[in-house]
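Step one of this worksheet: look at the structure below.
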Amino acid sequence: MVQPKPFTSVWTRERKGRREQGLSRDQIVKAALELLDAEGLDALSMRKLGARLGAGATSLYWYVATKDELLELVMDEVYAVVTVPEDVDWREAARVFAYGLRGAILGHPWSATLVGVVPALGPNALTAADRLMGAFVRAGFDGIDVDYAMTAVVSYTLGSTIPEVAWTSAVAASGTDVSRLQAEVGPVVMELSADRPHLRERYAAYVGKELDPLVARRLAFEFGLSALLDGLTTRITRGR
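For the sequence shown, position 191 (counting from the first letter as 1) is numbered 191 according to UniProt numbering, and the numbering increases by one without interruption.
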């Protein structure tokens, strides 16, 4: 029987200082982020990152023991844009958190496959979570309801954003643009939905209209987020 590996994290061990005339951990993380944004997750290797920095791969291991540790550091840089103010009400805190997380993932599409896989234990991730939790507690959510409320916001944001990343990536990989793709797919959808009147009617309502799909997705995200927050408002009102 294979024994499971013990859990480890780059955040649980002491940070090593900069070696004389060497790289800093911040430089390594910055270069890794740039490489990931430019070439995607599959392109990241310690050897390639070392070459980008003009250093050998072995020198990087002074700062990070494994590639997984490097990804922990980089993901926390991604979460740096999720800045939740401390002096706003819970709805605004949740809204800022949701839009921040959405923007972080859309800004770094490769990160979509790492959310929930790479531990979010860095200072940026923990600060955002702590502030959102504090806002829910101050609002009157109690006990496990705090956890459920936070999970609802996070789950909605990820559930809406990750498929959007997959869609935009697929469009980019196809070598076509959104308008052309919609023009080609439209007749197919209308044909296949002939015996599905509700779907066909809704789709037909968009035919011939110039609607930016990215704007439409943002509006859809806002609708869903507002509906979620309205539901949480009802729950906390009843609880009181």
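By construction, the Cβ of each residue, glycine as well, lies at the ideal position given by its N, Cα and C atoms.
The beta carbon of Val-10 is closer than 7 Å to those of Val-64, Glu-69, Glu-72, Leu-73 in its chain, skipping five residues each way along the sequence. For Val-64, the three-state secondary structure derived from DSSP is coil. Leaving aside the five residues that flank Ala-32 on each side, the residues in its chain whose CB is nearer than 7 Å to its CB run, in chain order, Leu-44, Leu-49, Leu-70, Val-74. Check the Cα spacing between Val-154 and each of Ile-236, Ala-125, Arg-138: the tightest is with Ala-125.
Sequence-distant partners of Val-178 (beyond 5 residues in either direction) whose C-beta falls short of 7 Å from its own C-beta, in its chain, are Val-171, Pro-213.
Counted as a single uninterrupted DSSP element, the stretch harbouring Leu-121 is not any alpha helix (DSSP H), since DSSP gives it neither H nor E. Around the CB of Trp-110, 16 or more other CB atoms lie within 10 Å, so the residue is classed as buried. For Gly-122 against Tyr-79, the beta-carbon gap comes to about 7 Å, under 8 Å, which counts as contact. By the neighbour-count criterion, in which a residue is buried when 16 or more other Cβ atoms sit within 10 angstroms of its Cβ, Trp-167 is exposed.
A distance of 8 Å or more separates the beta carbons of Ala-128 and Val-88. Note that the segment 96-107 touches the segment 158-167; at least 3 beta-carbon pairs, one per stretch, sit closer than 8 Å.
Closest option to Glu-210, judged by alpha-carbon separation, among Ala-183, Leu-53, Val-84: Ala-183. Annotated as proximal: Trp-90 and Ala-139, with beta-carbon spacing under 8 Å. A Cβ-Cβ separation of about 6 Å places Leu-228 in contact with Ala-152 under the 8 Å criterion.
About 5 Å separates the beta carbons of Val-84 and Phe-97, which is inside the 8 Å limit, making them a contact pair.
Taken through DSSP and simplified to helix, strand or coil, Val-115 comes out as strand. DSSP, reduced to helix, strand and coil, places Ala-55 outside both helices and strands of the structure shown, so it counts as coil. Going by DSSP, Gly-100 is part of the alpha helix (DSSP H) stretching over 90-107. Secondary structure remark: continuous beta strand (DSSP E) runs of at least 3 residues inside the segment 171-201: none found. Shown here, Tyr-206 sits in coil according to DSSP, grouped into three states, outside any helix or strand. One Cα belongs to Tyr-206, the other to Asp-147, and the distance between them is close to 39 Å. Residue Thr-113 holds the alpha-carbon nearest to the alpha-carbon of Gly-40 among Ala-120, Thr-113, Phe-223, Arg-202.
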